[in-house]
Structures are given as C-alpha cells and as structure tokens.
Amino acid sequence: MALQQGSCNKCNKRAVLCALTGLSLLGTWYPIRFRTPLEPRTTPEIADKPSVTTTELFAELEKVDPVAEEKFSITVDDGNDGSDVSTTRRPMESTEAATLVDDLEVQNHIYQHELARGNRSCPYFAEDQALLISGWNLSRYPWHIVKYRSDRRSPIKGEVLYGTAFAQKTIWEHQHPADCSKTKYMAFYHTPAGIGSQLHLLGQALALAMHLGRILIIPNKDSQRHFEDPTFCPGEAGWHCWFQHITWCKPKGDVLKIYGFPEHGGFKGKDVPEVFHPLLKCSPVKPRFWFYWWRAQSIAYLIRFNEKTRSALDQLRSETLFQCKEHVKAKVLEPGTVSAHVRHGFKLWEDYVEQMDALAAGNQKLRVLYKEVAESNTSFSFPLEAYARRAVFLSTEDPLVVVEALKLCAAKDPWKVIYTKADRNNKDSWMHVEKRGAARREVMLAMMNLELALEADAWVCTLTSNWCRLIDELRMTIALKASHPYLSLSKVVKTCKSRLGLPKPECYLDY
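According to the numbering used here, the sequence shown is numbered sequentially starting from 9.
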C-alpha cells in the first residue's frame, strides 16, 4: 500500500498509520472529531473509511522502522557473569493495535457462530477502527506483552476484541473527567473471594457506577480485602497498592456505598452500561455474552500495574522463572508457547497434555467451543508449525501437577516446560492470607503468572475458573490475541443448567 506523496519525509510511525486510513492524528490530512459516545453520528463521516488489516499496519511500520528485529532467545542462567544476553525488543507504539476487520474472519467463543466479521455498515465499527489507529493509548497498560510487542512475532495474526478501543476510551473519560468539582461517586466494598473473583466484581461495580453516572472509587478501608500490604505501598488503599489509580478525582460529598454484590435498583450483575448498547447491537458478540464482553473491557482497564508493582514483578520474574530444571531469563516467552493453567486439585492433567499435543501437531480440528455449548462446528485455523516448538508455560497451585508436568521434559517427544518456582499448597489462597507479607507474595505471584500466560500464543484452561477468564479477557484485549486458540476443558453443562436454570449455550459462562 503506497503512502501519500510528500508526507513520508516528516512522518513518524503514527503518521504512517494515519496514511493507511486517510485519518490524521493531528487533523492535517482528514480531520475527524470523535464525539462523546451518546452524541448522534453522521454515518458518511466515518462509515466509509477503509478497514486496516494487522498485516498492513505492521508492514508499513517495518518500512520506516530503522531498528532491525533481533533474533529471539531465552537465555539460560548458567551462573557465569556476563554470559547472558537478555532479549531486546522495540517498545510497542500506542498506535500499533490490531483490529477486527470486515474482510477477515475472527475465531472467538463469544462471537456469533464462533466466527465473525466486522460490520462496515455500522458507524460504531468504523469509529472503533478509527480509535484503534489514533485514540487507544496502549502505553497506559504496562504489560510486557505491550512493551515488548511479542505479538508481532506471534505465529498467528493479531486481533483485538470488537469494540475494545471505543470501550477503553469511554471508560477512561468516565473515570477521568475534566472537572471533578460536581462529580458524584460510588464506593464498592468487597465480599470474601479470591483475586479473580474480586476483580470481576470490581469490574461490575464499574458498570454500575457508569450506569448511575457516578465515578467508581476504592474506599480507604474494606474489611473483606485480604490482598493488601501497607508495608509495600504506604498510604495506598486496596487495589491501588498494586494497580494504578482508577480515577484522578478525590472523592468528597455525594458517595454511594455498595456492599458485596454490585447491583442497585434495576441494574443487575450481568448488565452492561447503556453507553455501550448501540456499539454491541451491531457487533458480532452473542447478545447473551454482552456481559462477558464487558468483563474483558473492565478487567483491561482495572489491571494496570503501578510503577512499584511493575518493578517488583520484573525482579520476581528474574528470580523464579525456570524451564525444566534450568533457571531462565526472558523478557517475553518465545513465540508459539502454549499456556496451561491447571486449577488446584484438578486431576485430569492428561487432558491438558492431549490438547497441547494436538496444538503441537497442527491439528486443524480443534473446536473454538465444544459442541455442547457451541452455535457451530467452527474449528481453529492456524499455521501447522505454529506450536511445533513444544513449549508450554504451566501455572498451577498444585505442586503435584508441577512434578507430573516436568516428566514431559524427558518424554519421547519432549516439551519445554516453563514455570515459576514458588510455594504451592493446593488451597484457595485468599482463605490463608493472614500476614501482610503473604498477601504481597500472593498477589505478585498471581500477577506474574497472569502476565506470563498472556505472552503465550494458545491456552488450555477451564473457563469455569475466574482465573482462566482473566487470561481469556486480557488476551482478547491488551494482548491482541482474540483469534488465537483458547481450548476450554470446562464441560459442566448439566451442573450449570441445574444450578442456574440457564439454556444450554449459556451455562459455561454463568457470570
């Protein structure tokens, strides 16, 4: 695709991306005013802009990028000073986002028939695409998968969940108003639960706050927050100990308090803020999974490490990351790595290995969603050699699973088993966090394993697990891997149906 004549001498990477779409970041070529989400749209003004594929974006970036790509490597720490050279990657620019385009089918379990295309006739689709190019600031998300852009080396083309750029911009503007003086607030107080569950509830609290026209805040004191360590972050409250502040407003005056479960009035636990309804009505997302789309957006916004956490995670990673029996150093996992999260007490390790082997063999019959809950027979399509390196990142709370997994290092067809060395007790961690130091280690280990999982290019997990959902939600958004294989082992249709009374296609994601 040719760039506009006369523009390249002065253009940077952002300008190159703008040339691809006819949009200008600075309004110099084709100015476009992004309205507030509830303003009326003039369809011709935005709907006719061309879709941009990920390949085109990266191809044009490569033409103007003077930094040559470096060979990927994971270095083994053999104890010799100066012998290790860590992988170096060019930081990801805020504009280097993938997009769901109308000429490319995207494989994802929450899309209709598990396979979807973008709808160019929808002005919200066009606006979301425009925001992907010029309005989504990825520098706000300090993950290694963003900073080192390992997705560019992924064996599968990157795709982002429909509406992500629009949603992230809208959430940010809601939580960061230009004038805080007349703002109303909503404080959410937790119920006892694990990290994944509490974060999902906080995300739904954000939905409720947006519905009520209030800014969500984290109260200074909450007796049900177990994951705090004031010695690590003096003066910070709750999740602010680990993550960036969710608003820049200082709460005072009108504060509504919500306890336990984020419902109020007629707004329920699976409702989505009204501001996103027009976007979702012309989206490929299954209507019954709008709530899950929102889970992904709220989690992407909430889990943004602060500087102290980012530094601590890097240090912990350098100390605890192993491949088979060797200590390794890697800023990002190698391309084609599979991630397997095995829940505590889960006894079917062989099922995980079976799925891993199928990926490594290039099996093209792996279903996007198992038949008991699927709308179609769609299977994942990916390059046959995508996972041939046979590398797997294992996360689990069960020490016996680690022992079993390490046997694969010496198998006839060996796997490179990557894991973190940590104390594992096969128990629900939140029930046993009594000391502040324990809380710090619990959160840090959890976030480090979550980050490592996002660096993989395929996942074997159980979507009935809150933790597997966190992985799924973040890989679809900030990791730009919405179309990568995600193989869920949760087949609990009868249990879900009898417990919740939900129709069959809905029960594997009940909240």
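No residue lacks a Cβ here, since even glycine has one placed at the ideal position from N, Cα and C. Note that this is a predicted model, so its numbers are computed, not measured.
- Short of 7 Å from the beta carbon of threonine 470, and not among the five residues preceding or following it, lie these beta carbons of its own chain, in chain order: Arg351, Cys476, Ser496, Leu497, Ser498.
- Its Cα nearest to that of arginine 398, the residue Ala368 stands out among Asp237, Ala368, Glu362, Val411.
- Secondary structure at lysine 258: coil, using DSSP grouped into helix, strand and coil.
- In the DSSP assignment, arginine 233 is bridged to no other residue.
- Taking the Cβ atoms as the reference, alanine 464 lies roughly 4 Å from serine 347, within the contact range of under 8 Å.
- Cβ atoms of arginine 312 and arginine 148 come within 8 Å of each other, at about 6 Å.
- Following the DSSP letters along the chain, one finds glutamate 334 inside the beta strand (DSSP E) bounded by residues 334–337.
- Judged by pairs of C-beta atoms under 8 Å, the stretch 301–308 touches the stretch 479–486, as three or more such pairs exist.
- For arginine 325, the closest of Lys260, Pro242, Leu377, Lys429 by C-alpha to C-alpha distance is Lys429.
- Distance from the CA atom of phenylalanine 275 to the CA atom of phenylalanine 330, rounded to whole angstroms, is 46 Å.
- When the beta-carbon positions are compared, leucine 209 and proline 270 come within less than 9 Å of each other.
- In its chain, beyond the 5 residues on either side, Pro185, Ile223, Cys257 have a beta carbon closer than 7 Å to the beta carbon of threonine 191.
- Listed as beta-bridge partners of leucine 402 by DSSP are Ala348.
- Counting other Cβ atoms within 10 Å of its Cβ, histidine 285 stays below 16 and is therefore classed as exposed.
- Relative to glycine 166, the option among Glu282, His272, Glu113 whose CA is nearest is Glu113.
- Look at cysteine 469 here: in three-state DSSP terms it is strand.
- Distances from the alpha-carbon of phenylalanine 401 to those of Pro343, Gly261, Phe390 put Pro343 closest.
- Listed as beta-bridge partners of lysine 316 by DSSP are no residues whatsoever.
- Bridge pairing for tyrosine 193: Ile223, Val263 [DSSP].
- Boundaries of the alpha helix (DSSP H) around glutamine 363: 357–368.
- A direct Cα-to-Cα measurement between serine 387 and glutamine 372 gives close to 7 Å.
- Secondary structure at valine 409: helix, using DSSP grouped into helix, strand and coil.
- Distance from the Cα of serine 291 is smallest, within the candidate group Asp136, Ala466, Ser491, for Asp136.
- Taking a cut-off of 8 Å on C-beta distances, the stretch 161–176 touches the stretch 112–126, as three or more cross pairs fall below it.
- Excluding five sequence positions before and after glutamine 252, the CB atoms of its chain that fall closer than 6 Å to its own CB belong to Arg312, Asn314, given in chain order.
- Excluding the 5 residues flanking it on each side, threonine 328 has same chain C-beta neighbours closer than 7 Å at Thr428, Lys429, Ala430, in chain order.
- In this structure asparagine 457 does not touch glycine 204 by the C-beta definition: roughly 12 Å separates them, more than the 8 Å allowed.
- If you look at tyrosine 300, you'll find it in the alpha helix (DSSP H) that goes 298–310.
- In this structure, alanine 173 sits away from leucine 214, with a CB-CB distance that is not shorter than 9 Å.
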